[in-house]
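Q: Just passing along the structure, written as structure tokens.
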Amino acid sequence: MKKFNIRKVLDGLTAASSSSSAASAQSGNRENDMIQETLQSEHFQLCKTVRHGFPYQPSSMAFDPVQKILAIGTQSGALRLFGRAGVECYCQHESGSAVIQLEFLVNEGALVSALADDSIHLWNLRQKLPAILHSLKFNRERITFCHLPFQSKWLYVGTERGNIHIVNVESFTLSGYVIMWNKAIELSSKTHPGPVVHISDNPMDEGKLLIGFECGIVVLWDLKSKKADYRYNYDEAIHSVAWHHEGKQFVCSHSDGTLTTWNVRAPAKPAQTITPHGKQPKDGKKPEPCKPILKVEYKTTRAGDPFMILCGGLSYDTVGRRACLTVMHGKSTAVLEMDYPIVDFLTLCETPYPNDFQEPYAVVVLLEKDLVVIDLAQIGYPIFENPYPLSIHESPVTCCEYFADCPAEVIPALYSVGSRQKRQGFSKKEWPISGGNWGQGTLSFSEIIITGHADGSIKFWDASALMLQVLYKLKTAKVFEKPHGKEEKSSTEIVDEDPFAIQILSWCPESRVLCVAGVSAHVIVYRFSKQEVTTEVVQLLEVRMQCELNEVESPECGGEQVSAVSTPGTSSSPQTSLPQSHPSTSSNNSSDGLRDNVPCLKVRSSPLKQSPGYQVELLIQLVWVSGEPPQQITSLAVNSAYGLVAFGNGNGLAVVDYLQKTLLLNMSTAELYGSTDPHHRQPRSPRKTRQPSAGLCDGNDASAAPEEKCKSPTSAKISRKISMIADQKDDARDNSFSRSRSSSVTSIDRESREVISSFYFCDSLSKKSETVAVPSLWVGTSLGSMLAIALTVPSTPEQRMQQPVGVSFCGPVVRLKGGILRMAQLDASGTLLPHVYESWYEPNAPEEERERPRRRRPTTPPSSQENPDCQYAVVCSEKQAKVVAMPSQNCVYEHNITETSFVLRADVVTMTAGVGIACFCANGHIMTLSLPSLRPLLDVNYLPLTDMRIARTFCFSNQGQALYLTSPTEIQRITYNQETCDNLQEMLGELFTPVDTPEAPNRGFFKGLFGGGAQSLDREDLFGEETAGKASRSLAQHIPGPGGMEGMKGAASGVVGELARARIALDERGQKLGELEERTAAMMSSADSFSKHAHDMMLKYKDKKWYQL
1 MKKFNIRKVL
11 DGLTAASSSS
21 SAASAQSGNR
31 ENDMIQETLQ
41 SEHFQLCKTV
51 RHGFPYQPSS
61 MAFDPVQKIL
71 AIGTQSGALR
81 LFGRAGVECY
91 CQHESGSAVI
101 QLEFLVNEGA
111 LVSALADDSI
121 HLWNLRQKLP
131 AILHSLKFNR
141 ERITFCHLPF
151 QSKWLYVGTE
161 RGNIHIVNVE
171 SFTLSGYVIM
181 WNKAIELSSK
191 THPGPVVHIS
201 DNPMDEGKLL
211 IGFECGIVVL
221 WDLKSKKADY
231 RYNYDEAIHS
241 VAWHHEGKQF
251 VCSHSDGTLT
261 TWNVRAPAKP
271 AQTITPHGKQ
281 PKDGKKPEPC
291 KPILKVEYKT
301 TRAGDPFMIL
311 CGGLSYDTVG
321 RRACLTVMHG
331 KSTAVLEMDY
341 PIVDFLTLCE
351 TPYPNDFQEP
361 YAVVVLLEKD
371 LVVIDLAQIG
381 YPIFENPYPL
391 SIHESPVTCC
401 EYFADCPAEV
411 IPALYSVGSR
421 QKRQGFSKKE
431 WPISGGNWGQ
441 GTLSFSEIII
451 TGHADGSIKF
461 WDASALMLQV
471 LYKLKTAKVF
481 EKPHGKEEKS
491 STEIVDEDPF
501 AIQILSWCPE
511 SRVLCVAGVS
521 AHVIVYRFSK
531 QEVTTEVVQL
541 LEVRMQCELN
551 EVESPECGGE
561 QVSAVSTPGT
571 SSSPQTSLPQ
581 SHPSTSSNNS
591 SDGLRDNVPC
601 LKVRSSPLKQ
611 SPGYQVELLI
621 QLVWVSGEPP
631 QQITSLAVNS
641 AYGLVAFGNG
651 NGLAVVDYLQ
661 KTLLLNMSTA
671 ELYGSTDPHH
681 RQPRSPRKTR
691 QPSAGLCDGN
701 DASAAPEEKC
711 KSPTSAKISR
721 KISMIADQKD
731 DARDNSFSRS
741 RSSSVTSIDR
751 ESREVISSFY
761 FCDSLSKKSE
771 TVAVPSLWVG
781 TSLGSMLAIA
791 LTVPSTPEQR
801 MQQPVGVSFC
811 GPVVRLKGGI
821 LRMAQLDASG
831 TLLPHVYESW
841 YEPNAPEEER
851 ERPRRRRPTT
861 PPSSQENPDC
871 QYAVVCSEKQ
881 AKVVAMPSQN
891 CVYEHNITET
901 SFVLRADVVT
911 MTAGVGIACF
921 CANGHIMTLS
931 LPSLRPLLDV
941 NYLPLTDMRI
951 ARTFCFSNQG
961 QALYLTSPTE
971 IQRITYNQET
981 CDNLQEMLGE
991 LFTPVDTPEA
1001 PNRGFFKGLF
1011 GGGAQSLDRE
1021 DLFGEETAGK
1031 ASRSLAQHIP
1041 GPGGMEGMKG
1051 AASGVVGELA
1061 RARIALDERG
1071 QKLGELEERT
1081 AAMMSSADSF
1091 SKHAHDMMLK
1101 YKDKKWYQL
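In terms of UniProt numbering, the sequence shown has 509 at position 509, counting the first letter as 1, and numbering is strictly consecutive.
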């Protein structure tokens, strides 16, 4: 409660300060005092919700065969758990060390993780957010291998020194029983056997432990007699060992690509030695060595031959061949090529018991960048269709947008066209990782995430109800000609790699119009259609954004800066080509041999078959001008109600009518100001060369030739600078934000170029004399100026296609510190006015069948004489936010968001309780402000910016949702909505569900009679403190986890609430009884010790006289 009270106090203070500092007329303040703001600080709370995507840099894997849950550990200490589609969970070890091994307590709702920092942890999976119950940190030895037998509470831990320690997973204490390496190997051996690489118990005799040492020695250890029964020696190093289920044979994989099969009772030599991928010499010599077989699994079936599955072992002459998984079944050997290197694999079997026929049915293969499950039961070993959203990184993500509260019909429409894109040839069976249950609570609104990728593809994802499912994939590169090799690459391209990479997305959910800007200075407008069409000629519009560089004198800076103005006549007579299929590059050279009027990419010349879904309406390309490449696009907006698309860069802005396929406007930023230009610009020598001012370009060398290629965001590992400014002389390659951001961006006074940074289409009162809202385009620049352009759009559909759209300039509206990031519009009551749009209609339907809906526009109340202002413009920049009354253009509220940092992303968002501004700063703070008064409601230091990826992909959405790319393969979703945080437990899925463990295999009459069945072992009797004693305290340190009994209590909810509560009560009672028993034992030990000492004293003085004492 204190936190909320402090927030309210701060609300009052900041509201007072912002009101006092606002440059506003008294009448404006009085009017705004009457606007009742419903959004308060208690409506906000920040927390992570779910993480989607493939685990970045995976290192280990485990599977619970009863619960059907898969766990994956990563090199950064993350833990990802997967059940049925939609059931997934993310946890993180605090140390951040790599997870080297995972072991499930099968059907117990618990997991043991071993880390590279020599710690082991016990996770409780019976609660929706798993927590660590116990940790054990080894101090003197490095952990190399762990083994937890089925239905056992004793964990075997092998170390680098070759010793094996035993841990009680219930109490997480070490047993005094230790298997020392020098006792395991032969006494005559003079060398250390190396680290322990394998531990497993004999499937038929739990008292026999098989220990594999790296050097090639395998030892069968008798736990009861504490000595080695057999020792098996081989010349090559061992990587893994696998048992036959009858316990009479085991298989070892070696570093020379061989598999050795050993009979347990014949340690002298292997019963069989094979090299699966080795060439067999004709003269009977030993086959040539192959690459190491990193892992082998030996699985038996009742009805047929056993399966032997292995990874590695390929011949050394297979250079460049991809990683393979080999499946040997009877006489057949199948080599399955993988797209990425194999990290680990697991064979899924029908039974969890190691002493029964295994009956394998699938293999889970964990690759460096993918998860593949192979069906062993079908001919050809097809793979299962993966239901998880693990393909986010199929091509690197270059931009991201998040839309919450979308129209309900959009997701079904995208799904219907996307379902036709699915691959064929998958296994017919259900996905085998099917554990867990979905959450009960759901969000009532639909959510869509759109990701743009380096290969030019765009993916639409259904993100509703904390799940993620791909809906539809669009390939924008189809409209261009693709070079077949590097030698055929066009000399006009401005990026070395990924020339089709998506840079900016603009999408209207209501009309389903999509507009994308790519790194090669191109813009594509798409319309959504349910019908397939073949486009003979792609509609093309070439735009020549020509401008001379000019110096800007700024009194604050004291130096010269570069800005952009166009040459006279550029806007009045724009250079544009008519719609055509592709430009003719042969004649597009100027007299001095420089490239001129040439686009960066060659447009497809053959007919384009467009499937149902998004289809190209218009392609716009910026062309080379006098030997200089076009600058990359920094801002983009599309509006379906007006039929216009606007885009801008460092040269200026252009507005295109995508219905009539014409260029309406092409002018520099300076011309927008007219006579009110706040900058003093001086002509600059036209002889001076320049580099393209593009944030995705490599601008290290300012003196490079104009033809110098630019790096794409994925190859140079940098992103478009958030304020759309490029500093040519800074380290653009550097991935740290502070350096790539550069000094020119952190201070408005030191900007080197005024770039168009944002657009907003709306019906507004942009001129002071206006009383009726007219279609307008608001333009935001990197120097903090907001300017307005009025548009005259013909009213009827017929006139719209015949008459041109009129354009008139209204000049600057307001100026802020820092580049403009976001603009929006409120009505007189402080309600957010929705953007104007035209509802979707089928563009390929015949004219007589086409029912084209009328344009929707926000309702604007008529102004009164007392107070003519009836709209408010909300403008947010990198440094501050302002609310401006329209049409008077008086600033009624102002708030400085940050002084020492800068805002990376700002969005005007709609919550259930009202409207506000959400901001993410470079210093990691997430803030929300109320509207219209700009009161701070939330300020949390959430995430220090460590990677440009976060800055490039962070985005807010309505209803308190946000996301960012936390790694190259994973999306992290967060919420800043108090209601969502409160309901998160209900919405999350459950990993653990009550399932009966299958019955143990029947021993059979004769095996029971003659003792041929599995031999059990009382491990408690062997490893318990009474028999084995206590382990050395200095060997390992026990750390109680934060998940303790409180975590167990958190699990007692839902369907298994009562059962879980009863179990917890028993556990607590058992814990107390155990403590009582320990105290009783300590007292008995003390009494025994006292009795012994008393007896010794009595014997000592028994026969002595009193004078001898």
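By construction, the Cβ of each residue, glycine as well, lies at the ideal position given by its N, Cα and C atoms. Quantities reported herein were computed from a predicted structural model and do not represent experimental measurements.
#1: Report all residues from its chain with a CB closer than 7 Å to the CB of Val625; omit the five preceding and five following residues, and keep chain order.
#2: Measuring alpha carbon to alpha carbon, tell me which of Glu798, Gln503, Ala773 and Glu430 ends up nearest Gly452.
#3: The beta strand (DSSP E) that contains Leu787, what's its start and end?
#4: With H, G and I counted as helix, E and B as strand and the rest as coil, what does DSSP make of Cys981?
#5: Are the stretch 110-126 and the stretch 54-74 touching, with three or more C-beta to C-beta distances below 8 Å?
#6: Considering only the alpha carbon of each residue, which of Pro483, Val495, Thr492 and Ala477 lies closest to Val516?
#7: Output the distance between the C-alpha atoms of Ser668 and Glu754, rounded to the nearest integer angstrom.
#8: By how many angstroms is the C-alpha of Gly247 removed from the C-alpha of Ile458?
#9: How should His1093 be labelled, buried or exposed, when 16 other C-beta atoms within 10 angstroms of its C-beta is the threshold for buried?
#10: If I measure Cβ to Cβ from Leu79 and keep anything under 6 Å in the same chain, skipping five residues before and after, which residues do I get?
#11: Is there a Cβ from chain D that is less than 9 Å from the Cβ of Ser776?
#12: Could you give the C-beta distance for Val779 and Cys891, rounded to a whole number, given that I count them as a contact under 8 Å?
#13: Less than 9 Å between the beta carbons of Ala501 and Cys600, yes or no?
#14: Taking the alpha-carbon of Ile166 as reference, which of Gly1024, Gly1041 and Leu259 has the nearest alpha-carbon?
#15: List the DSSP bridge partners of Pro58.
#16: Which residues in the same chain as Ala788 place their Cβ atom closer than 6 Å to its Cβ, once the five residues preceding and following it in sequence are excluded?
#17: Extract the residue ranges of the alpha helix (DSSP H) inside the stretch 883-966, only unbroken runs of 4 or more that lie entirely within it.
#18: Roughly how far, in whole angstroms, is the beta-carbon of Pro432 from the beta-carbon of Ala362, given that I think they are within contact range, below 8 Å?
#19: Look at the alpha carbon of Leu1035 and the alpha carbon of Trp154, and state the distance between them as a whole number of angstroms.
#20: Could you tell me which uninterrupted beta strand (DSSP E) segments, each at least 3 residues in length, are contained entirely in the stretch 760-831, listed from first to last along the chain?
#21: Which residue's Cα is closest to the Cα of Phe902: Ser446, Leu816 and Leu665?
#22: Measure how close the beta-carbons of Val417 and Lys530 come, nearest whole angstrom, since I'm counting them as under 8 Å.
#23: Return the bridge partner residues of Ser475 from the DSSP annotation.
#24: Could you spell out where the alpha helix (DSSP H) holding Lys530 opens and where it closes?
#25: I believe Gln985 touches Arg51 by the beta-carbon criterion, under 8 Å. Please report the beta-carbon distance rounded to the nearest angstrom.
#26: Is the Cβ-Cβ distance between Thr301 and Glu206 less than 9 Å?
#27: Exposed or buried, Pro804, counting other C-beta atoms within 10 Å across all chains shown (16 or more means buried)?
#28: Whether or not the stretch 794-802 and the stretch 816-825 are in contact is what I'm after, with contact meaning three or more pairs of Cβ atoms, one per stretch, closer than 8 Å; do they touch?
#29: Count the other CB atoms within 10 Å of the CB of Ile379; is the residue buried (16 or more) or exposed (fewer)?
#30: Please return the same chain residues whose Cβ sits closer than 6 Å to the Cβ of Cys876, not counting the five positions on each side in sequence.
#31: So, helix, strand or coil for Ile718, using DSSP?
#32: For the beta strand (DSSP E) containing residue 1172, list its first residue and its last residue.
#33: Taking the alpha helix (DSSP H) that Asn107 belongs to, which residues open and close that run?
#34: DSSP on Ala873, reduced to helix/strand/coil?
#35: Assuming Phe145 is part of the beta strand (DSSP E), what are its boundary residues?
#36: Whole angstroms is fine: what's the gap from Lys48's alpha carbon to His134's?
A: Looking at the atomic coordinates:
#1: Arg544, Gln546 and Asp596
#2: Of all alpha-carbon atoms in Glu798, Gln503, Ala773 and Glu430, the one lying nearest the alpha-carbon of Gly452 is that of Gln503.
#3: Ser785 to Thr792
#4: helix
#5: Segments in contact, yes.
#6: Ala477
#7: 10 Å
#8: 53 Å
#9: exposed
#10: Taken in chain order, the residues that qualify are Gly73 and Cys91.
#11: No chain D is present in this structure, which holds just one protein chain.
#12: Not really, about 18 Å apart at Cβ, beyond 8 Å.
#13: no
#14: Looking only at Gly1024, Gly1041 and Leu259, the smallest Cα-Cα distance to Ile166 is reached by Gly1024.
#15: Thr74
#16: Ser766, Ser776, Trp778, Cys810 and Val813
#17: 948-953
#18: 5 Å
#19: C-alpha separation (whole angstroms): 17 Å.
#20: Segments of the beta strand (DSSP E) lying fully in the stretch 760-831: 774-781, 785-792, 806-815 and 820-827.
#21: Closest by alpha carbon: Leu816.
#22: 7 Å
#23: Residue 475 is actually Lys in this sequence, not Ser. For Lys475, the pairing in a beta bridge is given by DSSP as Ser457.
#24: Looking at the DSSP string, Lys530 is not in any alpha helix (DSSP H), and its letter there is neither H nor E.
#25: The pair is not a contact, with the Cβ atoms about 17 Å apart (cut-off 8 Å).
#26: no
#27: exposed
#28: no
#29: exposed
#30: Leu821, Arg822, Ala906 and Ile917
#31: Below a pLDDT of 50, predicted positions are generally treated as unreliable, and Ile718, at 29, falls in that range; the measurement from the model is reported next regardless. Of the three classes helix, strand and coil, the one that applies to Ile718 here is coil, per DSSP.
#32: Any property of residue 1172 remains undetermined from this structure, which presents the chain solely from 1 to 1109.
#33: Looking at the DSSP string, Asn107 is not in any alpha helix (DSSP H), and its letter there is neither H nor E.
#34: Looking at Ala873 - three-state DSSP - the assignment turns out to be strand.
#35: Ile143 to His147
#36: Per the coordinates, the alpha-carbon of Lys48 lies some 24 Å from the alpha-carbon of His134.
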